[in-house]
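Chains as they are written, first to last, in my numbering: chain A, 802 to 1139; chain B, 747 to 1091.
If you want it as structure tokens, here you go:
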């Protein structure tokens, strides 16, 4: 397995994701024709109406779910850059660490919920150690050095992961409480766990938005994102704020990695994959903007899902083509506030 | 510190002399390692034009070398072409075209956006070679034959011969250095430096900054294509890993490790990194851990690279000899002096 190779989000890869066959009633061979037919409300087997629009609904749910996951990772990335001025390439590595922690802790403790409860604080702690030791030296440095430092960090984290957990691909079982699926029609259903991912991410997003909009901490975050120097001059403890923001970002990324673990296999290249797509999200949304990260994530989540279905083989390019289009129109992203 | 404009070119000439004479004394393994260093040095030098001279930090440089490598492999394997000039034109053409497209999109942005966009577009190229079956898939392909230069039925250069390849690569290194050196001295290069130092003023002087940046992008892409061509011929193998962004980040490290904006720095950086990786790889299977720690150490301790370090030590000695009160500032400015020394030659 190459680093960063596309080991995929395509849900068919994993046991938990076999639902996808439901969207392709003709069998495992997905064709452009069958999906186009779905858009015209004609089922691939010639059925009209309900069945076909349900397949369409399943794809939308799937795109939204992926979008939510992307948002959790991208929001941390954009916050850390917007407030601390640091490009953190190692952000995806913490997503991977989260997934591996979920795998390891759920094996050790036997409970997925417990794994998340223990895993998130561990990753946040890890993030804070890294922030104190390394990132504090980077705040006033050129992006070039931030890029190199965090690249070095990726190598170190990746290798420590190889030492601790090896290079094998692992699976995490869906917790029994969430393992069923909701029947949509006689032949099609949607797994509860995927709905749970969307709900959990939505909850996290709402909490994040509430913190940023209503609390004193949120006020500081918003102020720093607008004008860091001014906040510093006003006598705020920027050092502590940076720690909180960094820890928050890492926590969100690790949490995303953990709840994604049961649907996407746990593998070494997963950090790189999510990192690149999150970068696209941040670029589309506008660096430093949480709103931008949200809408960018939804756009990319849906575009990637539909791209994979409509253009099998070239689905990956859709995301980048979209980015190029947005940039041609708005070089600073859709929601660039700064 | 006195202005010593010829220090860096002389250093480069000495390095090349050393490389040229090395096969007389070194054993085969190390000769191969030096060939690897030479190819990586060309690759890093091409990036130095963007990072060191123009101030454009990109993370997608491997896309250009990888494109050239894949085009070469496809022409040799699928079309059976082994003619050196034809392959070179095709490989560089493909790399240049990729640089033109990616550059056109990227130069509209700057700073963090430029880093992110070149990274994303570079990964798009990676997925193109990784996903499209024609190129050989995730495992990569072997080169079926090595290119050769024939004229009138006589084989002049056969790159299958390791020694021939070694000296061809060295000649390329010298040519690329000469070209970039001239570019940096030409008015064109002065504008590029102006863009790095103050883009707004350069624009105010009436230069079309975007076009200069795009031109720098294409030149760097073409030279990266040359490096990609040499790499696939050297190793006889290409895989998507050659196009991955880790490769782009590694070459960026080579530039910084040696000292950016010096041209000779990338050669020193390439030598240091290749030898170090070889050493770590002999020590442990987890050599990447040490490479990662080394990269972090370079960023924290050696921001101006080995050349900068040498410049600082040089400045220190010189100031001690003269016992001037300004010694302290000379020390701190060592890196910049070394860099300007390269620039003002």
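Note that CB positions come from ideal geometry on N, CA and C, so glycine has one too.
Counted within 10 angstroms of its Cβ, other Cβ atoms place residue i as buried (16 or more) or exposed
i: residue 841 of chain A; result: Caution applies to residue 841 of chain A, whose pLDDT of 45 falls short of 50 and renders its modelled position unreliable; the value that the coordinates give is listed next. Burial call: exposed.
i: residue 932 of chain A; result: buried
i: residue 977 of chain A; result: exposed
i: residue 1069 of chain A; result: buried
i: residue 794 of chain B; result: buried
i: residue 1025 of chain B; result: exposed
i: residue 996 of chain B; result: buried
i: residue 832 of chain A; result: With a pLDDT of only 40 at residue 832 of chain A, under the threshold of 50, the placement of this residue in the model should not be trusted; the figure read from the coordinates follows. That one is exposed.
i: residue 1130 of chain A; result: exposed
i: residue 1109 of chain A; result: buried
i: residue 1124 of chain A; result: buried
i: residue 1105 of chain A; result: buried
i: residue 824 of chain B; result: exposed
i: residue 831 of chain B; result: exposed
i: residue 765 of chain B; result: buried
i: residue 1082 of chain A; result: buried
i: residue 941 of chain A; result: exposed
i: residue 1017 of chain A; result: exposed
Option in the options with minimal Cα separation from residue i
i: residue 867 of chain A; options: A/1084, A/1134, A/1037 and A/1060; result: A/1060
i: residue 907 of chain B; options: B/1031, B/870, B/855 and B/781; result: B/781
i: residue 788 of chain B; options: B/811, B/1055 and B/1024; result: B/811
i: residue 945 of chain A; options: B/832, B/1001, B/1053 and B/1015; result: B/1001
i: residue 974 of chain A; options: A/1023, A/1071, A/1078 and A/994; result: A/994
i: residue 888 of chain B; options: B/1013, B/1011, B/1018 and B/821; result: B/821
i: residue 983 of chain A; options: A/1103, A/1095, A/1084 and A/997; result: A/997
i: residue 932 of chain B; options: B/962, B/882 and B/1032; result: B/962
i: residue 898 of chain A; options: A/1082, A/1119, A/948 and A/1072; result: A/1072
i: residue 955 of chain A; options: A/1033, A/1025, A/888 and A/1002; result: A/888
i: residue 895 of chain A; options: A/1134, A/970, A/941 and A/1074; result: A/1074
i: residue 980 of chain B; options: B/959, B/766, B/784 and B/757; result: B/784
i: residue 910 of chain B; options: B/1003, B/893, B/864 and B/803; result: B/893
i: residue 757 of chain B; options: B/803, B/1004 and B/975; result: B/1004
i: residue 947 of chain A; options: A/919, A/890 and A/901; result: A/890
i: residue 971 of chain B; options: B/913, B/799, B/840 and B/752; result: B/840
i: residue 860 of chain A; options: A/965, A/1107 and A/1137; result: A/1107
i: residue 891 of chain B; options: B/882, B/851 and B/904; result: B/904
i: residue 979 of chain A; options: A/912, A/1095, A/1098 and A/853; result: A/912
i: residue 801 of chain B; options: B/861, B/760, B/842 and B/771; result: B/861
i: residue 866 of chain B; options: A/878, A/1062, A/925 and A/1079; result: A/1079
Any non-hydrogen atom of the ligand PLP closer than 7 Å to residue i Cβ
i: residue 915 of chain A; result: For the ligand PLP, the structure offers nothing, since it holds no ligand at all.
Three-state secondary structure assigned by DSSP to residue i
i: residue 901 of chain B; result: strand
i: residue 1073 of chain A; result: helix
i: residue 825 of chain A; result: Note that residue 825 of chain A scores a pLDDT of 35, beneath 50, so its modelled location is shaky; the value from the coordinates is reported in the next line. If DSSP states are grouped into helix, strand and coil, residue 825 of chain A belongs with coil.
i: residue 984 of chain A; result: strand
i: residue 827 of chain B; result: coil
i: residue 1064 of chain A; result: coil
i: residue 836 of chain A; result: Note that residue 836 of chain A scores 44 on pLDDT, short of 50, meaning its location in the model is unreliable; the coordinates nonetheless yield the value given after this. Note: residue 836 of chain A maps to helix in three-state DSSP.
i: residue 990 of chain A; result: strand
i: residue 971 of chain A; result: strand
i: residue 950 of chain A; result: helix
i: residue 1132 of chain A; result: coil
i: residue 952 of chain B; result: coil
i: residue 995 of chain A; result: helix
i: residue 957 of chain B; result: helix
For the segment 877-892 of chain B, which residues have a CB atom closer than 8 Å to at least one CB atom of chain A, in sequence order?
-> 877, 878 and 884
Listed in chain order, which residues of the segment 1099-1131 of chain A have Cβ atoms closer than 7 Å to some Cβ of chain B?
-> 1114, 1117, 1118, 1121, 1124, 1125 and 1128
Where the segment 848-871 of chain B meets chain A: residues whose CB sits under 7 Å from a CB there = 851, 854, 855, 857, 858, 859, 861, 862, 863, 865, 866, 867, 869 and 870
Can you list, in chain order, the stretches of the beta strand (DSSP E) that have 3 or more residues and sit fully within the segment 838-919 of chain B?
-> 894-897 and 900-904
Near-chain B residues of the segment 1013-1039 of chain A (beta-carbon distance less than 9 Å), N- to C-terminal order | none
Members of the segment 970-995 of chain A that neighbour chain B once the beta carbon cut-off is set at 9 Å = none
When Cβ atoms are compared, which residues of the segment 989-1002 of chain B fall closer than 8 Å to chain A?
-> 990, 991, 992, 995, 998, 999 and 1002
Check distances from the C-beta atoms of the segment 906-936 of chain A to those of chain B and list, in chain order, the residues that come in under 8 Å.
-> 935
Enumerated in chain order, which unbroken segments of the beta strand (DSSP E) with a length of 3 residues or greater are wholly contained in the segment 756-813 of chain B?
-> none
Chain A contacts made by the segment 1030-1044 of chain B, where a contact means CB separation under 7 Å = 1032, 1034, 1035, 1037, 1038, 1039, 1041 and 1042
Could you please tell me which residues of the segment 786-816 of chain B, in chain order, have their CB closer than 8 Å to any CB of chain A?
-> 797, 803 and 805
Give the residues from the segment 877-894 of chain A that approach chain B closer than 7 Å (Cβ to any Cβ), ordered along the chain.
-> 882 and 888
Can you list the beta strand (DSSP E) stretches of 3 or more residues lying completely in the segment 970-1026 of chain B, in chain order?
-> none
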